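What follows is a short report on a single structure.
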Amino acid sequence: EDDLDSPIEFLEDNYVYPEKHVIAARITAENPDDGFKPTSGKIQRIKFQSSVQCWGYFSVGANGGIHEFADSQFGHVFAHGKNREDARKMLMLALRNMDVVGDIRNP
Numbered sequence: 007e008d009d010l011d012s013p014i015e016f017l018e019d020n021y022v023y024p025e026k027h028v029i030a031a032r033i034t035a036e037n038p039d040d041g042f043k044p045t046s047g048k049i050q051r052i053k054f055q056s057s058v059q060c061w062g063y064f065s066v067g068a069n070g071g072i073h074e075f076a077d078s079q080f081g082h083v084f085a086h087g088k089n090r091e092d093a094r095k096m097l098m099l100a101l102r103n104m105d106v107v108g109d110i111r112n113p
C-alpha cells in the first residue's frame with residue numbers, strides 16, 4: 007500500500023523529535039505613531055548580518071521604495087537554536103543589531 011494513502015497511526019508510529027527549533031520575525035513598514043498602520047516611503051539602507059544561526063531576506067523596490075498599497079512586510083529574519091529559547095535569543099540578537107535607515111526606520 008502507498009504511504010500517501012495509508013492512515014497515520016498516531017499511537018503506534020515512532021515520533022521523530024526535532025533536533026532544532028526555528029523562529030521568525032516579519033520586518034514590516036508600519037507606523038507605531040498611527041496605530042501600526044502600513045506606511046510607505048523610501049529605505050536608504052538596511053544593515054543586517056547573517057550568521058550560521060540567523061539569516062534573512064528583504065524585498066524593496068529598485069529605488070528603495072515601499073508602496074503604500076502593498077503588504078507592509080518587506081523582510082523576514084529567521085533564527086535557529088537547539089531549543090525554542092536559544093532560537094529566540096539568536097533572533098533577538100540579530101534584530102538588535104539590524105538597522106533600517108530612511109523614511110521607514112527602526113526607532
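Residue numbers for the sequence shown follow my numbering, so the first one is 7 and each next one is one higher.
Glycine is no exception: its CB is placed at the ideal position from the N, C-alpha and C atoms.
Please read these numbers as outputs of a predicted model, since none were measured by experiment.
Selection from Phe16, Arg94 and Val66 that minimises the alpha carbon distance to Gln50: Mapped onto the sequence shown, residue 50 falls at position 44. Looking at the Cα atoms, Val66 is the closest of the given residues.
Distance cut-off 7 Å: Asp109 Cβ against heavy atoms of the ligand SAH: This structure lacks the ligand SAH; in fact it carries no ligand of any kind.
Own chain, CB closer than 8 Å to Gly70, minus 5 neighbours either side, in chain order: As a position in the sequence shown, residue 70 is number 64, starting the count at 1. Closer than 8 Å at Cβ, skipping near neighbours: Lys48, Ile49, Gln50 and Gly108.
Through-space distance from Ala68 to Lys53, alpha-carbon basis: By 1-based counting over the sequence shown, the position of residue 53 is 47. By 1-based counting over the sequence shown, the position of residue 68 is 62. Between Lys53 and Ala68, the C-alpha separation is close to 17 Å.
Three or more C-beta pairs below 8 Å linking the stretch 23-30 and the stretch 78-96: yes
Met98 burial status per 10 Å Cβ neighbour count (16 or more: buried): Position 92 of the sequence shown, counting from 1, holds the residue named residue 98. Exposed: under 16 other Cβ atoms inside 10 Å.
Separation of Pro13 from Tyr23, as counted between CA atoms: As a first step, residue 23 is located in the sequence shown; it is residue number 17 there, counting from the start. As a first step, residue 13 is located in the sequence shown; it is residue number 7 there, counting from the start. Each residue's Cα considered, the two are about 20 Å apart.
Closest Cα partner of Asp105 within the set Asn20, Gln55 and Asp19: For this step, residue 105 is matched to residue 99 along the sequence shown. Answer by Cα proximity: Gln55.
N- and C-terminal bounds of the alpha helix (DSSP H) containing Lys48: Here residue 48 corresponds to residue number 42 of the sequence shown, with the count starting at 1. Per DSSP, Lys48 belongs to no alpha helix (DSSP H); it is in the beta strand (DSSP E), Gly47 to Lys53.
Presumed contact (8 Å Cβ cut-off) between His82 and Arg32, rounded CB distance: Stepping through the sequence shown from its first residue, residue 82 is reached at position 76. Stepping through the sequence shown from its first residue, residue 32 is reached at position 26. The pair is a contact, with the Cβ atoms about 6 Å apart (cut-off 8 Å).
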